[in-house]
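Let me begin by presenting the structure, written as structure tokens, before commenting on it.
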Amino acid sequence: MSAPSKTFYIETFGCQMNAHDSEKVIGTLEHEGYTRVEDEEAAGLILYNTCSIRDKAEQKVFHRLNEYKRMQGEGKQFAVLGCVAQQEGNKIFERAPYVSLVSGSASYRNLPAMLDRLEQGETRITGLDDHRTQDETFDTEFTTRSNPHRGYITIIEGCDKFCSYCVVPYTRGKERSRASDSIMTEAQRMAAQGYTDIQLLGQNVNSYRDPLGKQTFAQVLRSIGQLSGVRRVRFTTSHPRDFTPDIVQVIDELPTVCDHVHLPVQSGSSAVLKAMQREYTREWYLERIAWIKSAKRDISMTTDIIVGFPGETEDDFEQTMTMLDEVGYDAVYAFQYSQRPNTPAVGMPDTVPDEVKSARLQRLMDAQRERQRLSYERHLGQVMDVMVEGYNRQRGQVTGRSSQNKTVNFTTAQPILPALGSYLNVRVTRTFPNSLVGEAVQAG
Ligand code: SAH
Ligand code: SF4
Ligand code: F3S
Numbered sequence: 024m025s026a027p028s029k030t031f032y033i034e035t036f037g038c039q040m041n042a043h044d045s046e047k048v049i050g051t052l053e054h055e056g057y058t059r060v061e062d063e064e065a066a067g068l069i070l071y072n073t074c075s076i077r078d079k080a081e082q083k084v085f086h087r088l089n090e091y092k093r094m095q096g097e098g099k100q101f102a103v104l105g106c107v108a109q110q111e112g113n114k115i116f117e118r119a120p121y122v123s124l125v126s127g128s129a130s131y132r133n134l135p136a137m138l139d140r141l142e143q144g145e146t147r148i149t150g151l152d153d154h155r156t157q158d159e160t161f162d163t164e165f166t167t168r169s170n171p172h173r174g175y176i177t178i179i180e181g182c183d184k185f186c187s188y189c190v191v192p193y194t195r196g197k198e199r200s201r202a203s204d205s206i207m208t209e210a211q212r213m214a215a216q217g218y219t220d221i222q223l224l225g226q227n228v229n230s231y232r233d234p235l236g237k238q239t240f241a242q243v244l245r246s247i248g249q250l251s252g253v254r255r256v257r258f259t260t261s262h263p264r265d266f267t268p269d270i271v272q273v274i275d276e277l278p279t280v281c282d283h284v285h286l287p288v289q290s291g292s293s294a295v296l297k298a299m300q301r302e303y304t305r306e307w308y309l310e311r312i313a314w315i316k317s318a319k320r321d322i323s324m325t326t327d328i329i330v331g332f333p334g335e336t337e338d339d340f341e342q343t344m345t346m347l348d349e350v351g352y353d354a355v356y357a358f359q360y361s362q363r364p365n366t367p368a369v370g371m372p373d374t375v376p377d378e379v380k381s382a383r384l385q386r387l388m389d390a391q392r393e394r395q396r397l398s399y400e401r402h403l404g405q406v407m408d409v410m411v412e413g414y415n416r417q418r419g420q421v422t423g424r425s426s427q428n429k430t431v432n433f434t435t436a437q438p439i440l441p442a443l444g445s446y447l448n449v450r451v452t453r454t455f456p457n458s459l460v461g462e463a464v465q466a467g
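Number 291 in my numbering belongs to position 268 of the sequence shown; there are no gaps in the numbering.
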């Protein structure tokens with residue numbers, strides 16, 4: 024077999040944790056002497072960072088792997104990373120024998136050693152978590168960030184919550200938090216490099232427990248929000264179980280901590296929540312929402328919802344529908360329940376027919392769109408701080424993002440377009456269910 028050239032191509036699916044893991048993998052590969060290419064045909068090593076949260080996501084992986092097949096025999100090597108890698112393990116070699124490396128995210132810190140073995144010509148290399156020994160986090164010494172203004176920091180990895188429908192505790196291993204000193208070092212370095220928008224990541228970011236015992240999650244938000252140069256601190260995803268009032272306090276106190284909380288509810292029915300093993304009730308969740316609503320700032324709330332969980336009755340679903348009114352979400356990410364291998368819910372009869380699931384999903388999304396159309400109107404006439412993200416030359420608009428994470432398309436009176444990553448004050452002149460339109464009033 025011809026020796027692999029040290030070039031690689033990487034494709035990423037799934038959540039922000041995966042997107043950021045890929046940035047770390049890219050940094051690690053580059054440190055090992057590899058060069059990234061944007062064309063898979065030109066790459067010696069093709070990596071695929073995968074997601075298995077729903078069946079469709081997993082099917083996509085195997086579909087792509089089949090496409091790899093046509094590139095076999097060109098001296099290329101293939102690696103499957105991420106959640107499908109961890110979930111399927113050695114079975115991937117059976118389904119796709121041309122794959123040489125299979126690694127879950129909890130083993131990425133061993134990547135340099137795995138790459139060495141790959142270079143030696145080994146073809147069955149695995150980095151799989153056994154859910155017992157992995158208590159370290161992936162060192163972020165080498166990270167190649169894709170955006171020079173906004174950057175992620177993973178503060179907690181894995182998940183110990185074991186909701187009955189979810190693969191994450193099996194694909195990402197045990198929950199482990201990073202030491203606050205290490206987080207602060209990375210945040211300071213990013214601020215010095217010019218990053219103004221820092222997003223803290225974790226499957227349950229607010230379940231953070233500092234191994235050094237120095238800082239709570241809210242204190243980490245405050246410490247980063249106070250760093251010179253940092254204009255925005257975001258955090259996602261928050262879990263209702265670990266949501267505490269001091270998070271709301273720090274948002275109120277520090278304008279740099281973004282006025283947005285993503286708090287997945289999954290269902291509005293306490294009976295379904297129980298079957299999901301979410302370990303909270305509708306009332307418990309609404310109490311946290313009341314804390315957020317009692318803030319001085321208008322904190323934007325968004326959520327995730329699963330429809331058609333086994334046993335979900337029409338009445339259960341109606342209770343989810345009423346959450347839309349009671350909370351007033353600014354965005355809802357809703358999914359049809361998808362049965363996942365090895366999860367406790369597999370044992371529950373999948374009682375909701377597919378057509379009922381899709382009809383419920385449609386009803387939910389239609390209702391939410393109408394609510395968003397009304398709720399976004401509250402921004403009409405407001406002047407908001409917008410970070411420039413791109414340009415829509417056809418429409419002659421600049422695209423940006425508000426502190427609440429809303430898309431703002433705007434025009435400026437200046438002949439020269441504002442730079443990417445700069446902040447401007449924009450007056451909102453029109454609203455839509457998913458975006459705002461406005462005009463720049465002055466430099467931010
Ligand atoms: N840790 C976060 C969510 C992580 S997964 C939390 O607990 O809230 C992202 C979203 O995918 C979940 O919020 C859920 O809505 C959805 N999801 C997870 N497993 C699913 C499944 N088996 N079927 C459908 N949606 C699922
Ligand atoms: Fe999955 Fe539940 Fe963990 Fe979220 S808290 S990642 S839904 S097991
Ligand atoms: Fe998917 Fe794994 Fe993220 S399953 S959603 S890539 S944690």
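Here a beta-carbon is modelled for each residue, glycine too, at the ideal position from N, C-alpha and C.
Set against 7 Å, the gap from the CB of Thr239 to the closest heavy atom of the ligand SAH is not smaller. CA-CA distance, Ser246 to Arg168, rounds to 22 Å. Asp78 sits in a helix when the DSSP states are folded into three classes. When DSSP states are grouped into helix, strand and coil, Glu180 belongs to the strand group. In terms of side-chain proximity, the C-beta atom of Met40 is found nearer than 7 Å to a non-hydrogen atom of the ligand F3S.
For Asp183, the CB stays at least 7 Å from every heavy atom of the ligand SAH. Remark: C-beta atoms of Pro333 and Thr366 do not approach each other more closely than 8 Å. Beta-bridge partners assigned by DSSP to Ser126: Leu104 and Gly150.
Distances from the alpha-carbon of Val103 to those of Glu97, Pro120 and Arg93 put Pro120 closest. Taking 7 Å as the cut-off, one finds at least one heavy atom of the ligand SAH near enough to the beta carbon of Val191. Looking at His283, Gln272, Gln242 and Met344, the one whose alpha-carbon comes closest to that of Ser292 is Met344. The segment 236-246 makes no contact with the segment 56-70: fewer than 3 CB pairs, one atom from each, lie closer than 8 Å.
Boundaries of the alpha helix (DSSP H) harbouring Met40: Gln39 to His54, taken from the DSSP string. About 12 Å separates the CB atoms of Gly150 and Ser123; that is not less than 8 Å, and the two are not in contact. When C-alpha distances from Val271 are compared across Ala42, Ser323 and Lys184, the shortest belongs to Ser323. Between Cys106 and Thr194, the C-beta spacing is below 8 Å. Residue nearest to Arg199 within the set Trp307, Ala215, Ser187 and Gly181 is Gly181 (criterion: CA-CA distance). Residue range Asp220 to Leu224 is occupied by the beta strand (DSSP E) that includes Gln222, with no alpha helix (DSSP H) assigned at that position. A residue is called buried when at least 16 other Cβ atoms come within 10 angstroms of its Cβ; Lys380 meets this threshold and is buried.
With a cutoff of 8 Å on beta-carbon distance, Gly67 and Gln110 are scored as not near each other.
Straight-line spacing of the CA atoms in Asp408 and Pro171 works out to 19 Å. Here the segment 174-191 lies against the segment 298-312, with 3 or more beta-carbon pairs under 8 Å apart.
For the 8 Å CB-CB criterion, Thr30 and Ala65 form a contact. Put simply, of Glu142, Cys189 and Gly196 the residue whose alpha carbon is nearest the alpha carbon of Asp152 is Gly196.
Lys47 and Tyr175 have their alpha carbons spaced roughly 10 Å apart.
Not one heavy atom of the ligand SAH is found less than 7 Å from the C-beta of Pro278.
Per the coordinates, the alpha-carbon of Asn432 lies some 5 Å from the alpha-carbon of Val460. The segment 433-446 and the segment 411-422 touch, with no fewer than 3 CB-CB distances between them shorter than 8 Å. Counting only runs of at least 4 residues, the segment 273-334 fully encloses the following alpha helix (DSSP H) elements, listed from N- to C-terminal order: 293-298 and 305-316. Each residue's CA atom was taken as its position, placing Cys38 and Leu277 some 27 Å apart.
In this structure, the C-beta of Gln100 stays at least 7 Å away from each heavy atom of the ligand SAH. Here the alpha carbons of Arg450 and Ala463 stand approximately 6 Å from one another.
In this structure, the ligand SF4 has no non-hydrogen atom nearer than 7 Å to the beta-carbon of Asn229. In this structure, the straight-line span from the alpha carbon of Thr219 to that of Phe116 is close to 43 Å. Boundaries of the beta strand (DSSP E) harbouring Ser425: Gln420 to Ser425, taken from the DSSP string. Not a single heavy atom of the ligand SAH lies less than 7 Å from the C-beta of Thr374.
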